[in-house]
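**Student:** Per the numbering used here, the sequence shown starts with residue 11, numbered consecutively.
Ideal Cβ positions, reconstructed from N, Cα and C, are used throughout, including at glycine.
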Amino acid sequence: MFTLENYKESANVIKELTNGFRPEVLLILGSGLGYLGDSIEDAISIDYFSIPQFKVSTAPGHHGKLICGMLEGKRVALMQGRFHYYEGYSLEEIAYPVRVMHLLGAHTLIVTNAAGCINEKWSAGELMLIQDHIKFFIDSPLRGQNINAFGVRFPDSTHIYTPRLQQIALAEAENFDIPLRKGVYFYFPGPQYETPSEIRAARLLGGDAAGMSTVPEVIAASHCGMEVLGFSLLTNMASGILDKPLTEEEVLLASEAAKPKFSCLVCACLRKI
Ligand code: HPA
Numbered sequence: 011m012f013t014l015e016n017y018k019e020s021a022n023v024i025k026e027l028t029n030g031f032r033p034e035v036l037l038i039l040g041s042g043l044g045y046l047g048d049s050i051e052d053a054i055s056i057d058y059f060s061i062p063q064f065k066v067s068t069a070p071g072h073h074g075k076l077i078c079g080m081l082e083g084k085r086v087a088l089m090q091g092r093f094h095y096y097e098g099y100s101l102e103e104i105a106y107p108v109r110v111m112h113l114l115g116a117h118t119l120i121v122t123n124a125a126g127c128i129n130e131k132w133s134a135g136e137l138m139l140i141q142d143h144i145k146f147f148i149d150s151p152l153r154g155q156n157i158n159a160f161g162v163r164f165p166d167s168t169h170i171y172t173p174r175l176q177q178i179a180l181a182e183a184e185n186f187d188i189p190l191r192k193g194v195y196f197y198f199p200g201p202q203y204e205t206p207s208e209i210r211a212a213r214l215l216g217g218d219a220a221g222m223s224t225v226p227e228v229i230a231a232s233h234c235g236m237e238v239l240g241f242s243l244l245t246n247m248a249s250g251i252l253d254k255p256l257t258e259e260e261v262l263l264a265s266e267a268a269k270p271k272f273s274c275l276v277c278a279c280l281r282k283i
């Protein structure tokens with residue numbers, strides 16, 4: 011269990027290493043969008059291992075650097091590399107950086123991920139605005155003694171994905187002619203892709219996309235009052251929909267192909283929030 015002191019110590023180290031930088035927006039960008047870190051102006055890059063309690067990210071393409079600076083006119087902190095449950099971390103550890111960034115002043119979280127497409131009417135390669143999520147498989151990042159400085163013991167989850175930011179995302183997608191689906195993200199533990207029966211069950215329960223990230227960070231952000239905007243890139247049809255096995259290569263190729271439209275949409279939203 012982390013204490014408020016742990017979070018404050020990490021925040022102070024970042025403050026010192028960045029000469030007092032105060033981020034407005036935290037960007038946690040999966041699905042190959044971490045390269046947006048290279049576009050940050052006046053960038054200060056910090057290795058995760060220099061920050062107390064930060065973990066090392068072991069997933070492919072996840073670098074382990076926090077980059078602070080200006081992007082699209084906003085003070086941002088961008089995590090190049092995030093933590094996943096399948097790497098062996100607890101949900102509290104996965105969500106840790108969100109609370110640290112909140113202490114430094116971040117009021118908004120923008121999060122992206124790669125996901126399998128559960129909705130049979132949609133196709134691989136499409137983008138989805140996350141309107142809600144379903145998390146059944148494990149406890150919460152908020153489990154354990156509540157830290158009142160972050161939020162209440164029993165936080166509301168009615169509008170975790172901020173409606174105002176969803177409106178901005180839909181308007182910007184239209185502006186830039188980027189097709190954007192709206193749907194529900196179903197959180198799975200991984201690292202194995204789901205079975206066809208798990209995907210059928212998730213569909214019956216209302217899931218549109220299946221993925222292994224995002225939800226712990228989003229719950230922690232919402233708990234401490236941050237606004238949240240989330241997108242999934244549907245890199246593949248989820249297990250059992252097509253008669254072929256799922257591979258990491260397929261996911262990485264689809265992420266690469268979608269980079270231009272996905273980064274355009276994220277940057278447009280960043281400008282407008
Ligand atoms: N399932 C879970 N996570 C994923 C998938 C999937 O099909 N594709 C990309 N990330």
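Of all residues in the structure, which have a C-beta closer than 6 Å to any heavy atom of ligand 2, taken in chain order?
**Tutor:** Ligand 2 is absent from the structure shown, which contains only ligand 1.
**Student:** For Gln141 versus Gly217, is the C-beta distance shorter than 9 Å?
**Tutor:** no
**Student:** How would you label Leu252, buried or exposed, when you count the other beta carbons within 10 angstroms and need 16 or more for buried?
**Tutor:** exposed
**Student:** Report the CB separation of Tyr197 from Arg109 in whole angstroms; it is logged as a contact under 8 Å.
**Tutor:** Incorrect: roughly 19 Å between the Cβ atoms, too far for contact.
**Student:** Rounded to whole angstroms, what's the CA-CA distance from Gln202 to Tyr99? Just pull it up for me.
**Tutor:** 16 Å
**Student:** I need the straight-line Cα distance from Ile144 to Tyr195, nearest angstrom please.
**Tutor:** Ile144 and Tyr195 have their C-alpha atoms some 6 Å from each other.
**Student:** Quick check: the stretch 231–245 against the stretch 112–127, are there 3 or more CB pairs under 8 Å?
**Tutor:** By the Cβ test, the stretch 231–245 is in contact with the stretch 112–127, since at least three Cβ pairs between them sit closer than 8 Å.
**Student:** Would you tell me roughly how many angstroms separate the C-alpha atoms of Pro165 and Phe147, rounded to the nearest one?
**Tutor:** 19 Å
**Student:** In angstroms, rounded to a whole number, what distance separates the CA positions of Gln90 and Glu51?
**Tutor:** Straight-line Cα distance between these residues: approximately 15 Å.
**Student:** With DSSP run on the structure shown, which of helix, strand or coil describes Arg191?
**Tutor:** In the displayed model, Arg191 falls within a strand according to three-state DSSP.
**Student:** For the candidate residues Met111, Glu19, Leu39 and Asp57, whose alpha-carbon lies nearest to that of Phe31?
**Tutor:** Met111
**Student:** Quick test of your reading: Glu97 and Thr122, contact by CB under 8 Å. State the CB separation rounded to the nearest angstrom.
**Tutor:** So it is not a contact: roughly 18 Å between Cβ atoms.
**Student:** To the nearest angstrom, how far is the alpha carbon of Leu215 from that of Asn129?
**Tutor:** 12 Å
**Student:** Could you give the first and the last residue of the continuous beta strand (DSSP E) run that contains Ala105?
**Tutor:** Unbroken run through Ala105 is the alpha helix (DSSP H), Leu101 to Leu114; no beta strand (DSSP E).
**Student:** Quick check on this structure: which residue in Gly135, Pro206, Tyr58 and Lys84 has the alpha carbon closest to the alpha carbon of Arg92?
**Tutor:** For Arg92, the nearest C-alpha among the options comes from Tyr58.
**Student:** Output the distance between the C-alpha atoms of Leu152 and Val35, rounded to the nearest integer angstrom.
**Tutor:** 21 Å
**Student:** Quick one: is Pro226 buried, meaning 16 or more other Cβ sit within 10 Å of its Cβ, or exposed?
**Tutor:** buried
**Student:** Where Leu137 and Ser242 are concerned, what is the direct C-alpha to C-alpha distance, given to the nearest angstrom?
**Tutor:** 6 Å
**Student:** Among the candidates Pro270, Thr28 and Glu208, whose CA atom is the shortest distance from the CA of Tyr45?
**Tutor:** Pro270
**Student:** Secondary structure at Val238, three-state DSSP: helix, strand or coil?
**Tutor:** strand
**Student:** On the DSSP letters alone, give me the boundaries of the beta strand (DSSP E) that Arg85 sits inside.
**Tutor:** Taken as a continuous stretch (DSSP letters only), the beta strand (DSSP E) holding Arg85 covers Lys84 to Gln90.
**Student:** Give the DSSP bridge partners of Lys269, in chain order.
**Tutor:** DSSP, once it has assigned bridges, lists no residue as partnering Lys269.
**Student:** Under 8 Å by Cβ, that's how I've got Ile170 and Leu37 pegged, so tell me the actual separation to the nearest angstrom.
**Tutor:** Ile170 to Leu37, Cβ: 18 Å. No contact.
**Student:** Around the C-beta of Ser133, are 16 or more other C-beta atoms found within 10 angstroms, so that it is buried, or is it exposed?
**Tutor:** exposed
**Student:** Return the chain-ordered list of same chain residues with a C-beta closer than 8 Å to the C-beta of Arg210, the five sequence neighbours on each side being excluded.
**Tutor:** When the five nearest sequence neighbours on each side are left out, the beta carbons in the same chain lying within less than 8 Å of the beta carbon of Arg210 are those of Gly250, in order along the chain.
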